[in-house]
Structures are given as structure tokens and as C-alpha cells.
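**Student:** Residue numbers (the numbering used here): 453 to 1252.
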Amino acid sequence: MITRSKTSELRRLEAKRQRSAQLGSVWRRLVRGVPPLVLLIWIGFFAGTVVILLSGGESLPYSLNERPTQDIRARVAFEVEDPSRTRQERQIAEASAPSVYTANAAPLETIRGRLSELLIMAKSAEDLAKLGDLATKQGWKLDDAAMRSLRGFAGADKSKQFDELVARLIGRLSAEYIVAPPKSPIRRQPPRTTILQRGSERIEIATTALQFCTKREYVEKRAAQLASEIFPEPLRKLVAEVIIKTLTPPNEAVDPADYALWRHDAAATTKEIEEVQARVPVFTTPYKPGDLLVEAGTEMGSDELGLLAHHHQAYLNAERSDPKLRLAKLQRQGGLVGLVLLITFGLAAYTLTYQGRVFENRGRALGLAGLLLLMILLSRLNERMDLRWDSPAEFSVACVVTTALLLTIAYNQRFAFGTGGVLAILVTLASRSDIWLFLTLMAACGVAVFSLNEVRTRGKLIAVGTLAGVGAFLTTMFGRLYEGQEWLYVLTHTLAAGVAAVAAGFIVQGILHYFERLFGIATSLTLLEWCDANQPLLRKLAQEAPGTYSHSLILSQMADEASSAIGANGLLARVGALYHDIGKTQKSYYFVENQEARMNRHDRLNPTMSLLIILGHVKDGLEMARAYGLPRVLHQFIAEHHGTTLVKYFHHIASEKAAKDARIKGRHDQVSENEFRYPGPKPRSKESAILMICDGCEGAVRALPEPTPGRIEALIHQIVMERLTDGQFDDCDITLRELNTVERSLVKSLCAIHHGRIKYPGKVAPSDRPKPEREEAEPPVRETRGAAVPAKTPEVARQS
């Protein structure tokens, strides 16, 4: 028990020491090892984030239908307009504003004309009989008394008297207050006074004195009174009928304003009302610091938001003049800058620890910083739009989910989730929101990241976005319900969160192609497209180097299975194996798998020249990859599948030639191995390291005369150990346990390829294995250090 306790304590101390050393290493790399330009990019990210977060000032942190969890009290003294009281006082004042009517001369002229027409008719008739006939034709109904009276006014001395009577009638009618009712009501209650306007003359009377022309009884009564007061008895009825017919509309279809003596002037009336209301002062309600503005649990309506907006604006105005408030604002801004500094430093340390290549690649550092800044800016703009269109802060879920998906595709799930969490903090600060938005962002980010293992189909991103939308929807709903919000508020914000996450899937789907080119990555969907045998490069390889194409197909299957066995990207390894030897199409017949009739073109070349041809297929392959637009992530397989291994065959030939020259000339020049090595680089990923192993093992096993399972297993182990002791895996993070797993996978694959065959009776028995059509780079005899290389085993294909 004591021994176990001491052992556990020692292990804990050792783990603690390793963690401290790791943190110290990260700190030293941040301080000393960051390239100046990358450091400048991170400083720019910090400065840009601070500028975005501080831009736009402080906004009102409440929205429509929200229920505050605490009482909201005034922080400064202010006054706010009392709209209900002001509205009430203006309605009262509206009653004092008079309506305006303007004179309508048309009915008076009609009456004058009709009566003058009677006099003219009486003058033109020679006797009463002709006058009666003429009146009947023109629609008049005249009795004998009326005709005799008209004939009496027909004389020259009497006609002037008749005109005076008509003028007197017109004068009396113009003083009448017969008006047309307004076409549409423009006021809530009738005014106390009315202005009658004829030209520049304005008469103000009580509104009760007005009479509408639509009241026929009143018009008939006044017409009879005026006719009896002015005209003689025989003409009174006739004159009254003229007045009534002119001043009363015959039916409701006609416009009464054409028959009234006064027309309602809507524009002038509105102007009078506005002038009266403008003289009413705006009533305000004063608030002191500490006064209750909105009680906790009250649903925010337009009135509450208006009150809080006035208070917020008053506080902002007070900050400009009050030194204490200005100091408090500077303190808040300083705290925000400090938080952003710590977040930036933490993000940089996290990136350096788990994705150090971002610090090595200026383009990746700039792309990551630019992506994060763009999302923070969009979140800030969404918060500013909330002031006008009530845009929920949950729309910023789209920014975080989009970033998380892109970083998962470009790097890995762990880095994407960590960076997404940092972005969630900054977006919450930019949105001026609370813990519930942060939890929603983290939930959506986590679901999106851990649901996206690879993009093999076009609908994958949409499905992941939908899952993230469900996570955001549920998190927002439960959080807001716990907060005690109304269902309308909850529904609005939950739908915004869900729709934003789903929209992120569509956004990433649309920009994925450009994102891949920007970051030099390839999704599984893109890799599957490059697996198509109709790709121009693969067709060129199959036509011009069929042996190399067949070898690449075998390697692709082996590399896929071995990579998948250790949790690496099997699809990436498969596609990389398909294209790793495309450079051989430039000089295909100098590689033994493509030679015919066992012709070896290297027999006539100097070993150094042959070496240049062999090494050149790597350079040619990279040039072709760039020319055909092969994704940059596949370039590593072309450059690294040989690493810095030794081209042993031509090194052996050169050594023999040097020894022969030494016997003839009497001196011996040692041939350096460094001159006969591939230029590299060494494999920097597990997938390219696995391809290197597969490339050497497939060729070596093919050269075995009897590839039994035991021989295959021993040979594969020997080749792996050769690569390991030669330092070919120094630049990648493949472990010994993973190398052992790769060995087992390759043994299984190669045993399946080089299986035995049945000998059929009565026929010539086929050999268990056909004679090799290509002599591989490293037959077993050359894998033993110091062993002689057979003279008839030319290494012209590859050197593993």
C-alpha cells in the first residue's frame, strides 16, 4: 500500500511538471518564436475587435415583449413627454378651433337667372295666353294671378322694380347660414364657432347657427318667409319654389356642396386646428434618480420601451457633461479592452498549442483573424439593427455556426470548438447580450462541430446546420422560459436562433468552394470528385503510364485501409496515393513498371543522369498538380512520399563504377549517400507517412519470388524499421503503436493481393505468382544494410 501511494504521488508530480513545462514552452514560443508579420496580424485582430466592440456606443439592452428579471430604475434625472395628457389637452383645444366655410355664389346666380328668365318671358309674350303657353314649354307652372303679376312687371318702368326685388332677395339669401355638411369628419367633436369667409371678409358665428342644405324643411320655411317678405302675393309661391329647388339637393347621389350657400373648406379648417394645437404645450413627467421605470416581470410594450429609450438617451447626454459618469464610462471601456486582450492572448496560446501551423503560415493567420473579425462585425451590426427593426440577438448564431463549420473543415473538431467558444464570448459582448445568448451560441457550436466529421455529400452541411438549429432552438427556448419570458418573446427568439443555425449550413455550402481555395484544403466531397477516373490527370496517367496507374490504384486501397485503422483520414490517403506518381507521365518509359520487353533505358545512361530522371518525377508531379488545379492538400503526397530516402540502386551502381575506376586509375573516390537521396521534405502528416510505407512495401513484396504470409509480414516489418531508423518519420506525429497497426493492415492487404492459386489437373500448372513485370525499388536483398544489390534489379520506379 505504501509503495502504491508513493508511486501515485510520483506520477502526479511528474504530470504536474510536464504540464508546467508545456505551459512554459507555449509562453516562450509566444514571446520569442512568433514571426513578426504573424504577431502584427494578431495585434491587428486585437485592435479590430476593440474598435468593433466600442463602435456605436451603448445601446438599449431590451426588446419588445421582453420581461426584465429585475426592477429598472432611473440612473439620472430626466423628463419624458406624457403623451396621454398632451393628447388629451390637444383634443380639448381642438374644440376651440373653428371650422371654415367659404361662400358659394353659384346657387345665388342660379336663383337670379331663373327669376330674370320669368321677367324676360313675360316681356316677350303678347298676352296672358301666349305667356301661359311659353311658360308651359319651359317647365313653369304659372297660375293666372302669377302671370298677371309678371305682366305687370313687364313694363319698362316696372322691370327695374322687379330687378330690385331680385337683388334684395339675393342679398337676404347671402346672409343665410345654409351650409353643406363636411364630406369626411376631420375632427372628433364639433367646434364651438365657425368662420364664414367670402373673399377677404371673415365672419365668426356660433356653430349652432348653421343649417344644412340637406334639411329640406328648414329651406322650405326660410324660402316661404323670404318670398313673403319681398315679393307680392301672386309671386311668393313661385319664388319660394325657385329657392327650394336651387338650395336643396334632389337626392343623395348628388354633392350637397353644389347646392349650399357655404362650402366646407377642409384645408383651412385643418390649418386652424393645427395652429390651436401647436399653442398647447407638451406635458412631461419628471423622474429622479432611483425612480422605478419598469417593474420586474412587466412585459415590454412600446410605451415601456419608449420610456427606457428616453432614459437611456438622457444618460448618454449626462455622460458628456458629468465627470463622474464620464469616468465610469472610461472604466467600462478599459475593462472591455482588458477582456479582449486576455481573450486574444488565450486564443493565440490555444492556436499555437493545437494548430501551430497557423503561426507558421501568414495566409492562414490572416484568414483566421479576418474570419473572426468579420463575424464579430456582423454580430455588432445585427445588434445595431435591433434598434430599428427589433432584430433578435439570436441571429448571431449564424455567425458562430458558420465559423465553427468552416474551422472544422479547415482544421479539426477540437480547434473549431475551442475557437468557436472564444468567438461566442466576443459575439456576446458585441451583441450586448446575456448568459443565455452565450449558452445558445455554445450549444449550436458544439452540435455543429461534433456532428461534422467529414463532408462526403452535398446535403451534409444542411443536415448539420439543421441539427445545430435544433440545439439552438431548444437551448433558447428553455433558457428564456426559465427567465420567465412571455411565449411570444420566447417564440420569436427561438425561431431566430433555429433559422440562423440552419441558414449557416446553406451559407457554408455556398462559400465552401472559395473557402477551400483560400485555405488550401479539400473536403471529402472534393476528394471524392478527384477520385473519379475521368479526371484529366488520372486519364493521362492511365494512358501514358499504365503500370504506374495500376500501382497507384493498389496503393490507394492499401493507404485507405491503413489510415482508417489508426483514425487518420483514409479518403485523403487514398486520393493522395492516386496522384502521388503523376510526374512519371513526363518520362514514363524510364520507370520499369512502364517499360516493355524488359528494356531498361538506364543501361545506356550514367548513374548520375539516371538519378536526375528518377528524382525529377517529384518536381514534375508538383508542376503538373499546380497546372491541373489539384488541391494543395494533395501536393504533400507528391513531394513527401519518398522523403529523403536513399536511391540505393543507382548509389550502388555509382559506387561500383567508382571502384572500377579506382582499379584502373589507382585511386578510389567515395560516393556520398547524400548525393543520391531524395530532396524531401520528409512526411509531415500521418497520411503521407503511411503512403511512404505502402509505396516501399508494395514494390518489395511484388519482387518476392514466393510471397508467403510469413515472408510478407517479415518484409513489411523490416521496411518500416528501415524508415524509422532512417528518421523519415521525424516530422510527423505518427506513434510506434500506430506504426504497428499500419503494419498489420498492410500485411492483411498484401496477403489478400498476393494470394495463392489452384493448380488445375491435366493442364500446365500456372505458377503461384506470375513473374514480376516491374522490378521494385527495394527488393528484400537490398533492405539488409551492407548487402550487395543484384546487378539485374534496376531501381527506376521509386525509392522508399
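Every residue, glycine too, gets a C-beta built ideally from N, C-alpha and C.
For L687, I'd like the list of residues in its chain whose CB is within less than 7 angstroms of its CB, leaving aside the five on either flank, ordered along the chain.
**Tutor:** Cβ neighbours of L687 beyond the five flanking positions: A598 and S601.
**Student:** Nearest-angstrom Cα distance between R731 and I877?
**Tutor:** Their Cα atoms are separated by approximately 53 angstroms.
**Student:** Quick check on Y553: does DSSP put it in helix, strand or coil?
**Tutor:** Here Y553 sits in strand by DSSP.
**Student:** How many Å lie between S507 and G786 at the Cα?
**Tutor:** So the alpha carbons of these two residues sit roughly 14 angstroms apart.
**Student:** In chain order, what residues of the same chain have a beta carbon less than 7 angstroms from the beta carbon of E1228, not counting five sequence neighbours either side?
**Tutor:** Below a pLDDT of 50, predicted positions are generally treated as unreliable, and E1228, at 39, falls in that range; the measurement from the model is reported next regardless. Closer than 7 angstroms at the Cβ level, and outside the excluded window around E1228, lie G1151, A1152, R1154, A1155 and A1249.
**Student:** State the start and end residues of the unbroken beta strand (DSSP E) segment that holds A658.
**Tutor:** Taken as a continuous stretch (DSSP letters only), the beta strand (DSSP E) holding A658 covers E653 to A658.
**Student:** In the DSSP assignment, find the unbroken alpha helix (DSSP H) run with W494 in it and report its ends.
**Tutor:** Residues P488 to L506.
**Student:** Taking only the alpha-carbon atoms, compute the straight-line gap between F811 and F797 and give it to the nearest angstrom.
**Tutor:** Using only the alpha carbons, I get a separation of about 13 angstroms.
**Student:** Would DSSP call I647 helix, strand or coil?
**Tutor:** Strand at I647.
**Student:** Span of the alpha helix (DSSP H) holding Y802?
**Tutor:** First-last of the alpha helix (DSSP H) with Y802: P775 to Y806.
**Student:** For S1008, collect the residues of the same chain with a Cβ closer than 7 angstroms to its Cβ; drop the 5 residues on either side in sequence, then sort them by chain order.
**Tutor:** The residues are R1026, A1029 and L1030.
**Student:** Within its chain, find whatever has a CB closer than 8 angstroms to the CB of H1169; leave out the 5 residues flanking it on each side and keep chain order.
**Tutor:** Result list for H1169: E1195, in chain order.
**Student:** I need the DSSP call for T721, collapsed to helix, strand or coil.
**Tutor:** If DSSP states are grouped into helix, strand and coil, T721 belongs with the helices.
**Student:** What did DSSP end up calling F890 once you bin it into helix, strand or coil?
**Tutor:** Here F890 sits in helix by DSSP.
**Student:** When burial is assigned at 16 or more other CB atoms within 10 Å of the CB, is M1144 buried or exposed?
**Tutor:** Per the 10 Å Cβ criterion, buried.
**Student:** Which value, in whole angstroms, describes the spacing of the CA atoms of C983 and E968?
**Tutor:** Rounded to the nearest angstrom, the two C-alpha atoms are 17 angstroms apart.
**Student:** Under 8 angstroms, do A1017 and S1140 count as touching if we go by C-beta distance?
**Tutor:** Contact: no.
**Student:** Quick one: which unbroken beta strand (DSSP E) runs of 3-plus residues sit fully inside the segment 555-593? Chain order, please.
**Tutor:** For the segment 555-593, not a single whole beta strand (DSSP E) run of length 3 or above is found.
**Student:** Please name the residue in V942, R668, G1081 and A709 whose C-alpha comes closest to that of P844.
**Tutor:** For P844, the nearest C-alpha among the options comes from V942.
**Student:** Counting pairs of Cβ atoms below 8 angstroms between the segment 584-596 and the segment 658-672, do you hit three or more?
**Tutor:** At 8 angstroms Cβ cutoff, the stretches do not touch.
**Student:** Are the segment 556-576 and the segment 770-789 touching, with three or more C-beta to C-beta distances below 8 angstroms?
**Tutor:** Contact between the segment 556-576 and the segment 770-789 is absent, because fewer than three Cβ pairs lie under 8 angstroms.
**Student:** How is E704 classed by DSSP in three states: helix, strand or coil?
**Tutor:** The answer is coil: DSSP assigns E704 none of H, G, I, E or B.
**Student:** Considering L745, what are the terminal residues of the beta strand (DSSP E) in which it resides?
**Tutor:** L744 to V746 is the extent of the beta strand (DSSP E) around L745.
**Student:** Could you give the distance in angstroms between the alpha-carbon of Y1042 and the alpha-carbon of F1102?
**Tutor:** Using only the alpha carbons, I get a separation of about 13 angstroms.
**Student:** May I ask you to report which of helix, strand or coil DSSP gives E1158?
**Tutor:** Three-state result, E1158: coil.
**Student:** Any chance you could list the alpha helix (DSSP H) runs of at least 4 consecutive residues sitting entirely within the segment 973-1038, in chain order?
**Tutor:** Within the segment 973-1038, the complete alpha helix (DSSP H) runs of at least 4 residues are 976-982, 988-996, 998-1017 and 1022-1031.
**Student:** Under 8 angstroms by Cβ, that's how I've got A920 and A896 pegged, so tell me the actual separation to the nearest angstrom.
**Tutor:** Right, the Cβ-Cβ distance comes to about 5 angstroms (below 8 angstroms), so this counts as a contact.
**Student:** Can you tell me where the alpha helix (DSSP H) holding R809 begins and where it ends?
**Tutor:** Start and end: R809 to E812.
**Student:** Among all the DSSP beta bridges, which residues are the ones paired with I738?
**Tutor:** For the sequence presented, residue 738 should be read as Pro rather than Ile. Looking at the DSSP assignment, P738 forms a beta bridge with E531.
**Student:** Just reading off the alpha helix (DSSP H) that R519 is part of, what are its end residues?
**Tutor:** From DSSP, R519 is part of no alpha helix (DSSP H); its letter is neither H nor E.
**Student:** CA-CA distance, Q729 and L678?
**Tutor:** If I take the Cα positions, the gap works out to 41 angstroms.
**Student:** In its own chain, which residues sit with a C-beta less than 6 angstroms from the C-beta of I1034, not counting the 5 before and 5 after it?
**Tutor:** So the list reads L989, L993, G1073 and M1076, once near-sequence residues are dropped.
**Student:** So, are the CB atoms of H763 and A953 less than 8 angstroms apart?
**Tutor:** Cβ distance not < 8 angstroms, so H763 and A953 don't count as in contact.
**Student:** Is there contact here, the segment 538-551 with the segment 909-918, by at least three beta-carbon pairs under 8 angstroms?
**Tutor:** Segments in contact, no.
**Student:** Between which two residues does the alpha helix (DSSP H) holding R932 run?
**Tutor:** K912 to E935 is the span of the alpha helix (DSSP H), which, as asked, contains R932.
**Student:** Specify the secondary structure class of H1206 as computed by DSSP and reduced to three states.
**Tutor:** DSSP places H1206 in coil when its eight states are reduced to three.
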